[in-house]
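Residue numbers (my numbering), protein chains in the order written: chain F, 127 to 242; chain U, 52 to 304.
Beta carbons: idealized from backbone N, C-alpha and C, even for Gly.
A quick write-up on the structure given underneath.
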Amino acid sequence: QSFTDECLETAWPPNPTRSITTYVVDLDEPAHQRWASIAAMYKVQIKDLVDYIKVFVLKISPKLQFLIDLVDTKLPEMADTFPSPYGDEIKGISEASGINLGEVVLYNVFYEIFTL
Amino acid sequence: CTSIVAQDENGKMYHGRNLDFGLLLGWDFANDTWALSEKLRPLILQVNFTQNGQVLYKTTTFAGYVGIITGIKPNHFSITMNERYGIQGGYIGLIEWIFNINRQQSFVTFAMRDMLATADTFASAVEYLSKTPLLAPCYYILAGPEAGQGVIITRSRKNADNITLLGKDNSWFLIQTNYDHWKKPPFYDDRVTPATNCMNKYGAQNVTFPSLFNVFSSRPVLNKLTVYTALMELSTGHLESYWQYCEDPCFPW
Chain F
127 QSFTDECLET AWPPNPTRSI TTYVVDLDEP AHQRWASIAA MYKVQIKDLV DYIKVFVLKI
187 SPKLQFLIDL VDTKLPEMAD TFPSPYGDEI KGISEASGIN LGEVVLYNVF YEIFTL
Chain U
52 CTSIVAQDEN GKMYHGRNLD FGLLLGWDFA NDTWALSEKL RPLILQVNFT QNGQVLYKTT
112 TFAGYVGIIT GIKPNHFSIT MNERYGIQGG YIGLIEWIFN INRQQSFVTF AMRDMLATAD
172 TFASAVEYLS KTPLLAPCYY ILAGPEAGQG VIITRSRKNA DNITLLGKDN SWFLIQTNYD
232 HWKKPPFYDD RVTPATNCMN KYGAQNVTFP SLFNVFSSRP VLNKLTVYTA LMELSTGHLE
292 SYWQYCEDPC FPW
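This is how it looks when you write it as structure tokens:
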């Protein structure tokens with residue numbers, strides 16, 4: 127297989143099955159409620175992503191179990207330090223999805239972690 | 052990631068991006084894919100944030116993620132953020148935050164949402180994102196509805212290392228990937244040159260959603276890390292996005 131640069135002229139229109147669904151988040155609702163329906167709808171996919179990260183870290187080294195433990199024990203406290211409305215929104219997502227608060231916090235600070 | 056701001060020959064402004072994420076976070080040898088990218092794709096959604104019954108801003112984001120990576124405030128400005136790597140990466144800011152050493156800094160994607168919620172002009176958005184202290188380095192790419200309103204802000208944690216405006220050297224488009232754009236791109240990941248060639252092939256007379264989508268769908272701008280393409284039209288505030296998948300043969304990044 128070879129990789130070559132290209133400049134396509136036929137990619138448009140994209141297949142309609144690739145369209146992204148649009149939802150509404152009402153900022154007039156309390157912060158901890160505004161993501162509830164979306165979080166409940168996507169809880170399996172969110173959990174799948176976070177679980178993958180945990181497994182990936184342990185594949186690097188089982189000695190990194192302490193990092194996984196920190197996600198469950200220390201990261202939940204971090205939600206209280208986020209500026210409004212983000213901390214409450216993240217707590218609401220955790221409640222609506224049933225996913226551990228520390229895991230939802232981890233997901234929301236992905237960018238800061240992975241810029242290394 | 053690849054972000055493009057372009058102005059057509061009539062001064063109409065467009066902004067688009069490919070979101071690439073998951074590098075080195077697990078290669079699936081069975082399917083030749085990045086495992087994390089595959090996990091992200093089912094989470095993509097567009098969100099219209101409303102206030103008092105009106106759409107305040109629109110985003111393409113991931114379910115469960117409250118920050119913003121791609122967004123548009125209709126009639127005001129659009130914004131995308133590209134990852135900027137560095138040894139002095141965001142984990143240092145994160146440690147400072149967790150241990151309460153310094154909380155006078157913003158999370159990169161929260162700052163974008165703050166700005167979409169509060170800034171009323173392109174200029175005020177640029178000002179805010181140039182000066183706000185951040186936990187991590189990044190590239191902010193903004194466009195406004197008026198001709199010439201395009202900018203790349205290269206951010207370190209404390210300040211802007213570089214601000215490049217559309218129109219410099221008579222340019223009608225700006226392209227930003229994951230490297231400082233004033234330096235030569237690395238040989239192992241040069242998406243700027245192919246994207247530039249492709250934009251020049253279409254020309255300022257053909258800046259449209261179809262042409263931009265074609266550029267974003269061309270390898271290596273499209274690669275194994277690409278999870279979605281978002282397109283924004285500044286004059287209408289229209290945002291549309293599509294999940295992307297790069298069929299083999301395809302560059303891994």
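Which of helix, strand or coil DSSP assigns to residue i
{"i": "residue 146 of chain U", "result": "helix"}
{"i": "residue 174 of chain U", "result": "helix"}
{"i": "residue 124 of chain U", "result": "strand"}
{"i": "residue 143 of chain F", "result": "helix"}
{"i": "residue 262 of chain U", "result": "helix"}
{"i": "residue 187 of chain U", "result": "coil"}
{"i": "residue 206 of chain U", "result": "strand"}
{"i": "residue 206 of chain F", "result": "helix"}
{"i": "residue 60 of chain U", "result": "coil"}
{"i": "residue 29 of chain U", "result": "Given that chain U is displayed from residue 52 to residue 304, the structure contains no residue 29 of chain U and the question cannot be resolved."}
{"i": "residue 218 of chain F", "result": "helix"}
is_contact[residue i, chain F] using C-beta, thresh 9 Å
{"i": "residue 172 of chain U", "result": "no"}
{"i": "residue 145 of chain U", "result": "yes"}
{"i": "residue 268 of chain U", "result": "yes"}
{"i": "residue 54 of chain U", "result": "no"}
{"i": "residue 288 of chain U", "result": "no"}
{"i": "residue 284 of chain U", "result": "no"}
{"i": "residue 295 of chain U", "result": "yes"}
Minimum Cβ-Cβ distance from residue i to chain U less than 9 Å
{"i": "residue 135 of chain F", "result": "yes"}
{"i": "residue 153 of chain F", "result": "yes"}
{"i": "residue 234 of chain F", "result": "yes"}
{"i": "residue 162 of chain F", "result": "no"}
{"i": "residue 192 of chain F", "result": "no"}
{"i": "residue 171 of chain F", "result": "yes"}
{"i": "residue 227 of chain F", "result": "no"}
{"i": "residue 199 of chain F", "result": "no"}
Below-9 Å beta-carbon distance, residue i vs any chain C residue
{"i": "residue 184 of chain F", "result": "No chain C appears in this structure, whose protein chains are F and U."}
Name the residues in the region 205-216 of chain F whose C-beta lies less than 9 Å from a C-beta of chain U; which are they? 207, 208, 209, 211, 212, 215, 216
How about the region 216-226 of chain F and the region 162-173 of chain F: do they share at least three Cβ pairs that are nearer than 8 Å? yes
Restricting to runs no shorter than 3 residues, where is the beta strand (DSSP E) found entirely within the region 63-124 of chain U? 64-71, 95-102, 105-113, 121-124
Residue ranges of each beta strand (DSSP E) run of no fewer than 3 residues wholly in the region 138-196 of chain F, ordered along the chain? 148-152
Given a limit of 8 Å on CB to CB distance, which residues of the region 84-106 of chain U reach chain F? 86, 87, 90, 91, 93, 94, 95, 96, 97, 98, 99, 100, 101, 102, 103
Counting Cβ pairs closer than 8 Å, one from the region 79-86 of chain U and one from the region 279-286 of chain U, do we hit at least three? no
Chain F contacts made by the region 144-165 of chain U, where a contact means CB separation under 9 Å: 144, 145, 148, 149, 151, 154, 157, 158, 159, 160, 161, 164, 165
Check whether the region 178-197 of chain U and the region 127-134 of chain U are in contact - that is, three or more C-beta pairs closer than 8 Å. yes
The region 234-246 of chain U: which residues have C-beta closer than 7 Å to a C-beta of chain F, in chain order? 245
Which runs of the beta strand (DSSP E) fall wholly inside the region 222-295 of chain U and span at least 3 residues, in chain order? 224-227, 277-284, 289-294
At a Cβ cut of 9 Å, what residues of the region 112-138 of chain U count as close to chain F, listed as they run along the chain? 113, 114, 115, 116, 117, 118, 120, 132, 134, 135, 136, 137, 138
Is there contact here, the region 251-266 of chain U with the region 131-151 of chain F, by at least three beta-carbon pairs under 8 Å? yes
Closer than 7 Å between beta carbons: that is the criterion. Which residues of the region 178-200 of chain U meet it against chain F? 186, 187, 188
So does the region 210-220 of chain F actually touch the region 105-120 of chain U, counting three or more Cβ pairs closer than 8 Å? yes
Give me the subset of the region 245-259 of chain U whose CB atoms are less than 7 Å from a CB atom of chain F, sorted by chain position. 245, 248, 249, 252
Residues in the region 211-225 of chain U having any Cβ partner in chain F nearer than 9 Å: none
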